Amino acid sequence: MAHGIQEVNAFTFDMETGNLVQLKDLFDDESSYNLFKSSLKEQIKDVMDFDTQEEPYLTDQEIDEVIENTKNFSITAKTLSIYYEPYEIAPGYMSTQTIEIKLDSIQGLKTEQLDMVNPEVKLGSNALYVYDELKQKELIKQYKNKKIVALTFDDGPHRVLTTELLSVLKEKHVQATFFVLGSRVENNPEIVNQAALAGHSIGSHAYSHHNLLNLPENELIEEIKKTQELIQNATGLKPNLLRPPYGAYNEAVLKHADAAIIMWSIDTEDWKYRNTNVIKQNIIDHVKDGSIILMHDIYQTSIDAVPDVIDSLTDLGYTFVTVDTLLQARQGMGNSRVYFYGAQ
Ligand code: NI
Numbered sequence: 277m278a279h280g281i282q283e284v285n286a287f288t289f290d291m292e293t294g295n296l297v298q299l300k301d302l303f304d305d306e307s308s309y310n311l312f313k314s315s316l317k318e319q320i321k322d323v324m325d326f327d328t329q330e331e332p333y334l335t336d337q338e339i340d341e342v343i344e345n346t347k348n349f350s351i352t353a354k355t356l357s358i359y360y361e362p363y364e365i366a367p368g369y370m371s372t373q374t375i376e377i378k379l380d381s382i383q384g385l386k387t388e389q390l391d392m393v394n395p396e397v398k399l400g401s402n403a404l405y406v407y408d409e410l411k412q413k414e415l416i417k418q419y420k421n422k423k424i425v426a427l428t429f430d431d432g433p434h435r436v437l438t439t440e441l442l443s444v445l446k447e448k449h450v451q452a453t454f455f456v457l458g459s460r461v462e463n464n465p466e467i468v469n470q471a472a473l474a475g476h477s478i479g480s481h482a483y484s485h486h487n488l489l490n491l492p493e494n495e496l497i498e499e500i501k502k503t504q505e506l507i508q509n510a511t512g513l514k515p516n517l518l519r520p521p522y523g524a525y526n527e528a529v530l531k532h533a534d535a536a537i538i539m540w541s542i543d544t545e546d547w548k549y550r551n552t553n554v555i556k557q558n559i560i561d562h563v564k565d566g567s568i569i570l571m572h573d574i575y576q577t578s579i580d581a582v583p584d585v586i587d588s589l590t591d592l593g594y595t596f597v598t599v600d601t602l603l604q605a606r607q608g609m610g611n612s613r614v615y616f617y618g619a620q
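Here my numbering is used: the first residue of the sequence shown is 277, the next is one more, and so on.
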């Protein structure tokens, strides 16, 4: 997921009951669970050793509490992966920590429970897929009776303006989606990381803003791949959204996208008008549930319009979500598929 590394949501469900599964539910008995906990504790201490501070990040007792409260884990054919979010077992700058433990090294695992938790264990495919589906069900439920919109910002990151925008979004508690240019990520990776850490989605806008339709296939692939790598290096996450420059796509773009193609349903034309009132009015005149709103975080007037846009849409009863949340809550999302409206 786009918000993965910084905020992993691999909640593990019992497929039959839909209840959350706790770590201890995976074990036959208390003593196997205790044995497992002591080995997990050692591995958490290993992670903590990477932190160069004098004082250990957590005391022994705090580690025990963290283990007891472990909520994010997944199981594949061979491995139990446990995820700890920033600040849980390491300082925030170390981002999410994953501890992987080979299943055959764990004693007393309740095998029938494993089968029930994850029907794909035997197939050996990635268990997270199952959890993504369940997460989508949660989102559908969560936003069923709400009107949702996604604010999207193209062509950044801009050192000054994107930073300013991030403060506005933080103050308003709004999450947005940024379609960043690889060429700009290269110079401002920390801004992109800051946006990802704040829970915004980072999508690709390709590398140089060339119209991809005019490029030979090898250059088109390069535009997409290079940007994907730059985003991944900056945030730890591979983007799952691509907005091709000018919204221009063809078969070749779809083939090499390796992401969902995100268009828009409201074009504010903020680059043309450079007027906060026109931008706001344009949105209010066209907004409806599922709208994907196109703006650019490289113009001062666009940033200036955002607080008013947020307040006006909030007054109209809208909730702001990222593009991937919007799509998952309304119609699902898949690679190489094209999305305009989110919901119709
Ligand atoms: Ni653009």
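Even for Gly, the Cβ is constructed at its ideal location relative to N, Cα and C.
Owing to the predicted nature of the structure, the values given are computational and were not obtained by experimental measurement.
Taking 7 Å as the cut-off, does the CB of residue i come closer than this to any heavy atom belonging to the ligand NI?
i	result
H434	no
H481	yes
H486	no
P515	no
D546	no
P521	yes
D431	yes
Report buried or exposed for residue i, applying the criterion of at least 16 other Cβ atoms within 10 angstroms of its Cβ.
i	result
E447	exposed
R435	exposed
E505	exposed
G610	exposed
G593	exposed
A524	exposed
F616	exposed
D591	exposed
G479	buried
D527	In the sequence on display, residue 527 carries Glu and not Asp. E527 comes out exposed.
Y405	Caution is warranted here: a pLDDT of 39 is assigned to Y405, below 50, making its placement in the model unreliable, and no coordinate value can be reported.
Y522	exposed
H449	exposed
Y483	buried
S630	No information on residue 630 is available, as it lies outside the stretch 277 to 620 that the chain covers here.
G432	buried
H476	buried
N463	exposed
E499	buried
For residue i, I'd like the list of residues in its chain whose CB is within less than 8 Å of its CB, leaving aside the five on either flank, ordered along the chain.
i	result
Q604	K411, Q412, L415 and I416
M324	P332, Y333, L334, I365 and A366
H485	D431, L457, S459 and P521
Looking only at its own chain, which residues have a Cβ that is under 7 Å from the Cβ of residue i, when we skip the five neighbours before and after it?
i	result
T601	L415
Q576	L437
A535	S480, P515, N516, L517, L518 and N611
F312	F303 and I382
E495	none
Looking only at its own chain, which residues have a Cβ that is under 6 Å from the Cβ of residue i, when we skip the five neighbours before and after it?
i	result
E376	T355 and S357
L530	S612
S307	none
If we count Cβ pairs, one from each stretch, closer than 8 Å, do we get three or more for the segment 516-523 versus the segment 462-470? Output reads no: the segment 462-470 does not touch the segment 516-523.
Touching or not, the segment 551-571 and the segment 580-597, by the rule of three or more beta carbon pairs under 8 Å? Output reads yes: the segment 580-597 touches the segment 551-571.
Three or more C-beta pairs below 8 Å linking the segment 435-444 and the segment 484-503: In short, these stretches do not touch, since the Cβ pair count stays below three.
Would you check if there are 3 or more beta carbon pairs closer than 8 Å linking the segment 538-548 to the segment 563-573? Using a Cβ-Cβ distance cut-off of 8 Å, the segment 538-548 and the segment 563-573 are in contact, since at least three pairs of beta carbons, one from each stretch, lie closer than that value.
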